[in-house]
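Peer 1:
Residue numbers (this note's numbering), protein chains in the order written: chain A, 40 to 149; chain B, 77 to 190.
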């Protein structure tokens with residue numbers, strides 16, 4: 040059975056204080072690992088897709104990296120508007136569906 | 077990115093009535109659509125996967141007679157909550173995916189059953 044664990048569960052940062060979010064996964068035949076951002080009361084917003092170990096993707100203050108067992112979402116000099124819940128979802132060969140982690144809720148204080 | 081529209085964004089219904097939620101992919105053809113349920117401060121719980129023109133595949137523990145899913149076209153899937161009860165109150169979210177690509181999510185529907 041595919042499994043995903045995200046840590047920490049919650050992260051509070053000061054504006055400008057860089058940090059990383061972790062996503063550890065076990066899936067059969069990784070087809071891709073997806074990162075999403077979710078604001079309260081809204082559907083998740085797509086951020087990145089990573090397909091193979093060593094791959095990196097960047098978007099503004101966010102950078103996602105992937106190894107064979109985990110993915111990191113690095114946040115550089117975050118701003119209050121980066122506050123959200125970040126979800127990772129690896130997709131294996133199990134019926135093509137993604138397994139979502141419980142998310143990391145990031146709060147960035149000004 | 078691709079756009080997925082979900083309607084309505086919120087609905088209040090009386091216990092015992094049925095509610096239909098629509099999920100449309102606006103600028104792409106979705107070979108697969110997913111329906112999730114999300115409780116406060118919890119992650120997404122997959123309810124079912126639907127492929128256009130075929131019956132939905134429900135996750136274990138999800139009542140298929142209560143949560144009717146129809147994927148009538150490559151751009152539209154509907155979820156009907158039948159004979160709704162207060163315990164069905166939740167945030168329902170759909171996502172749509174093209175073959176081989178990432179999934180994009182709708183805005184979600186807040187269902188309140190009174």
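The beta-carbon is built from N, C-alpha and C at its ideal position, and this holds for glycine as well.
#1: Using DSSP with H/G/I as helix, E/B as strand and the rest coil, what is residue 40 of chain A?
#2: Is there a Cβ from chain A that is less than 9 Å from the Cβ of residue 186 of chain B?
#3: Which residues in the same chain as residue 184 of chain B place their Cβ atom closer than 8 Å to its Cβ, once the five residues preceding and following it in sequence are excluded?
#4: Just to make sure I have the definition right: I need the residues of chain B whose C-beta is within less than 7 Å of the C-beta of residue 81 of chain A. Which are they?
#5: Does any CB atom of chain A fall closer than 9 Å to the CB of residue 125 of chain B?
#6: Within 9 Å of any Cβ in chain B, is that where the Cβ of residue 137 of chain A sits?
#7: Smallest Cα separation from residue 78 of chain B: which of B:159, B:186 and B:151?
#8: Residue 105 of chain A to residue 141 of chain A, Cα distance in whole Å?
#9: Helix, strand or coil for residue 149 of chain A per DSSP?
#10: With a cut-off of 8 Å on the beta carbons, I'd call residue 99 of chain B and residue 172 of chain B a contact; round off their distance for me.
#11: At the 9 Å Cβ level, is residue 122 of chain B part of the contact set with chain A, yes or no?
#12: Exposed or buried, which one is residue 43 of chain A when buried takes at least 16 other CB atoms within 10 Å?
#13: Taking contact to mean 3 or more Cβ pairs, one atom from each stretch, closer than 8 Å, check whether the segment 76-92 of chain A and the segment 115-124 of chain A are in contact.
#14: Throw me the rounded Cβ distance for the residue 148 of chain A and residue 53 of chain A pair, which I believe falls under 8 Å.
#15: Which term fits residue 83 of chain A, buried or exposed, when burial requires 16 or more other beta carbons within 10 angstroms of its beta carbon?
#16: Considering residue 167 of chain B, what are the terminal residues of the beta strand (DSSP E) in which it resides?
#17: Does DSSP put residue 129 of chain A in a helix, a strand or coil?
#18: Under the rule that 16 or more other beta-carbon atoms within 10 Å means buried, what is residue 139 of chain B, buried or exposed?
#19: Below 9 Å between beta carbons: does that hold for residue 90 of chain A and residue 72 of chain A?
#20: Give me the residue from A:143, A:145, A:144 and A:137 with the minimum Cα distance to residue 111 of chain B.
Peer 2: With the structure as the only source:
#1: coil
#2: yes
#3: Taking C-beta separations shorter than 8 Å and ignoring five residues to either side along the sequence, the partners of residue 184 of chain B in its chain run 82, 85, 114, 167, 168 and 169, following chain order.
#4: Those are 183 and 184, listed as they occur along chain B.
#5: Closer than 9 Å to some Cβ of chain A, the Cβ of residue 125 of chain B qualifies, so yes.
#6: yes
#7: B:151
#8: Taking the Cα positions, residue 105 of chain A is about 18 Å away from residue 141 of chain A.
#9: Coil at residue 149 of chain A, not helix or strand.
#10: Between residue 99 of chain B and residue 172 of chain B the beta-carbon gap is near 7 Å, inside 8 Å, which marks them as a contact.
#11: yes
#12: Per the 10 Å Cβ criterion, buried.
#13: yes
#14: 6 Å
#15: buried
#16: 166-173
#17: Strand.
#18: exposed
#19: yes
#20: A:137
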